[in-house]
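Notes follow the structure.
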Amino acid sequence: MNEILTIVISAYNRPKSLGRLLTSLNQAAYSNQKVNLIISIDFSGSNEIFEIADSFEWIFGDKKIINHQTNLGLKQHILFCGDLTYEFGNIVLLEDDIYVSPFYLSYCYESISYFGNNSKIAGISLYNHIYNETAKLPFEAAKLDGYDNYFMQLPSSWGQIWTKNQWKEFKEWLKEYPDEFNFEVLPENIKNWPKSSWKKLYSLYLIETNKYFVYPFYSLSTNFGDLGINFWKKNTQYQSNLLLFDKKYSFVDIKSSLSVYDAYCENIKIGKLLNDKIKNICVDFYGSKNSNYLNFDFILTLKDLNLELVESYGLDLKPWEANIHQKIEGPSIKIYKNSKPIRNTKKYNLDYRRELMNYYYSGLNLQKIITYLGSNDIYVDLMKKAFKKIKN
């Protein structure tokens, strides 16, 4: 029998967002399963969020409202919510601008059953990752083996499951870590995230302990990008296609999967598709790793490097791994033998960046850009939003 699941909502000062999330939860399929609901409200000085939470009728289990009397801030609020695993066991954590699939619950139970006791797994995402924040380009995990999940050394913040043990191990690591965190091992953009980011700490935890988050190919949650701490204007950039039909899941463990990604969104299992002699390879398809090549025997990149070229492939199919899987001929994806130190690849040409842009944004051309920017309405709208943001 499935253990009782507890949904935890972290809410702040977005009444419309909270109402929308609660509606999506109410519309989901629950059968006869009991699911508890906790709404944790960070202090904002307004009583509107509490009134929405208090009036919301939850018929699928127990409902509890935690109304904080001081402002915790985003980081401490998420840490507080994670600590609820000690009392309630497995939780599904949802920030208030998330929207869930009507069929999210079966995924939660099945993924917990499969991955909940796996020591390599530090969390389970409901959200399908679609954007590489380090490279500022789209991301699509390669579905090369017929299973419904992949792995990333990045934590999910837009709908995630934590078991009691997964959260306990993170908190123990946090308690035992030295006074100064070694953020130098993180990608450049994550290093620059503010101290208020819990996700920055959790990213470091994944790398330091070599653990991963499980991600679904079919998104069970999506992000509305409402105005808030991380968005100064409404943003649909991170909207992931929501699963709108019921399904049975076929999961794979991290050892057998061909879709395992590091903190740079690079597929570290790509070597399984290459020549058996190509081992210890640094995958830098997006070109964000730069000087991290020194400890590798081979390098996969779009860059032109002054090294021995071993193999190359075209850049036509999506996702990019499919070009190697199908052995598409071409000069774009290059594999070099790393025979000498490369301390800074920025000195090499940046044609690879142009190639990436053409690959991901093939319909974007100069004429469209000029037409768009040439509209006075665009500038007026941007100025209005900027002044409104400053005023707020």
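Take any residue in the sequence shown, count from 1 to its spot, add 2: that is its number in the numbering used here. Even for Gly, the Cβ is constructed at its ideal location relative to N, Cα and C. These numbers come from a predicted model, not from an experiment.
Three-way DSSP call (helix, strand, coil) for residue i in this model
| i | result |
| --- | --- |
| Phe-300 | strand |
| Thr-224 | strand |
| Leu-95 | strand |
| Asn-134 | strand |
| Phe-172 | helix |
| Asp-286 | strand |
| Leu-20 | helix |
| Ser-205 | helix |
| Phe-52 | helix |
| Tyr-266 | coil |
| Val-187 | helix |
| Glu-331 | coil |
| Trp-200 | helix |
| Ile-114 | helix |
| Phe-466 | Nothing can be reported for residue 466, as the shown portion of the chain is limited to 3 through 394. |
| Gly-125 | strand |
| Tyr-338 | strand |
| Tyr-240 | coil |
| Tyr-152 | strand |
| Trp-234 | Because Trp-234 carries a pLDDT of 44, less than 50, the predicted location of this residue cannot be relied on, and no value is offered for it. |
| Lys-274 | helix |
| Lys-349 | Annotation note: pLDDT 48 at Lys-349 (below 50); position unreliable, no value reported. |
| Leu-139 | strand |
| Leu-39 | strand |
| Asn-2 | Outside the modelled stretch of the chain, which goes from 3 to 394, sits residue 2, for which no answer is possible. |
| Lys-177 | helix |
| Ile-67 | strand |
| Thr-25 | helix |
| Ser-158 | coil |
| Leu-107 | helix |
| Glu-210 | helix |
| Ala-31 | coil |
| Ile-256 | coil |
| Glu-182 | coil |
Same chain only: Cβ atoms within 6 Å of residue i, ignoring 5 sequence neighbours per side
| i | result |
| --- | --- |
| Asp-264 | Gln-155 and Ile-270 |
| Ser-42 | Ser-12, Ile-68 and Cys-83 |
| Tyr-251 | Glu-112 and Asp-150 |
| Leu-39 | Ile-9, Trp-60 and Lys-65 |
| Thr-224 | Tyr-101, Gln-241, Ser-242 and Leu-244 |
| Ser-314 | Pro-333 and Lys-336 |
| Arg-22 | none |
| Ile-246 | The sequence given here places Leu at residue 246; Ile does not occur at that position. Counting only Cβ-Cβ distances below 6 Å, and skipping sequence neighbours, we find nothing. |
Residues near residue i in its chain [Cβ-Cβ closer than 7 Å; skip 5 each side]
| i | result |
| --- | --- |
| Tyr-133 | Pro-140, Phe-141, Gln-239 and Tyr-240 |
| Asn-340 | Tyr-295, Phe-298, Asp-299, Phe-300, Ile-301 and Leu-309 |
| Leu-311 | Lys-336 and Tyr-338 |
| Ser-205 | Leu-156, Pro-157, Leu-188, Ile-192 and Ala-265 |
| Val-216 | Ser-113, Phe-117, Ile-123, Ile-126, Ser-127, Asn-151 and Phe-153 |
| Leu-146 | Leu-260, Ser-261, Glu-323 and His-327 |
| Glu-5 | Gly-91 and Asn-92 |
| Tyr-106 | Ala-30, Leu-128, Leu-222 and Ser-223 |
| Glu-268 | Val-285, Asp-286, Phe-287 and Tyr-288 |
| Ser-258 | none |
Contacts around residue i, its chain only, beta-carbon distance under 8 Å, and the 5 residues preceding and following it disregarded
| i | result |
| --- | --- |
| Asp-56 | Ile-67 |
| Asn-191 | Glu-135 and Thr-136 |
| Ile-54 | Pro-17, Leu-20, Gly-21 and Leu-24 |
| Gln-328 | Leu-319 |
Cβ distance (whole Å) where residue i is taken to contact residue j below 8 Å
| i | j | result |
| --- | --- | --- |
| Leu-302 | Ile-283 | 6 Å |
| Leu-128 | Tyr-109 | 7 Å |
| His-131 | Ala-143 | 7 Å |
| Val-94 | Ile-163 | 5 Å |
| Phe-62 | Tyr-32 | 5 Å |
| Leu-358 | Leu-304 | 7 Å |
| Tyr-88 | Lys-166 | 7 Å |
| Leu-317 | Tyr-361 | 6 Å |
Residue i - containing beta strand (DSSP E), residue span
| i | result |
| --- | --- |
| Ala-13 | 7-13 |
| Pro-218 | 214-218 |
| Glu-59 | Unbroken run through Glu-59: none, as it is neither H nor E. |
| Gln-162 | 162-164 |
| Leu-311 | 310-315 |
| Tyr-101 | 100-102 |
7 Å Cβ cutoff, residue i in contact with chain C
| i | result |
| --- | --- |
| Ala-144 | Here there is only one protein chain, and chain C is not present. |
Any non-hydrogen atom of the ligand GTP closer than 6 Å to residue i Cβ
| i | result |
| --- | --- |
| Leu-95 | The model on display carries no ligand, and the ligand GTP is accordingly not part of it. |
N- and C-terminal bounds of the alpha helix (DSSP H) containing residue i
| i | result |
| --- | --- |
| Ser-46 | Run containing Ser-46: none; DSSP gives neither H nor E here. |
| Asn-360 | 353-362 |
| Leu-81 | 76-85 |
Quiz prompt | Inter-stretch contact (C-beta, 8 Å, three-pair minimum) for the segment 72-89 and the segment 189-204 | solution = yes
Is there contact here, the segment 174-185 with the segment 278-297, by at least three beta-carbon pairs under 8 Å?
-> no
_With a threshold of 8 Å, are at least 3 pairs of Cβ atoms found where one atom belongs to the segment 12-21 and the other to the segment 48-55?_
yes
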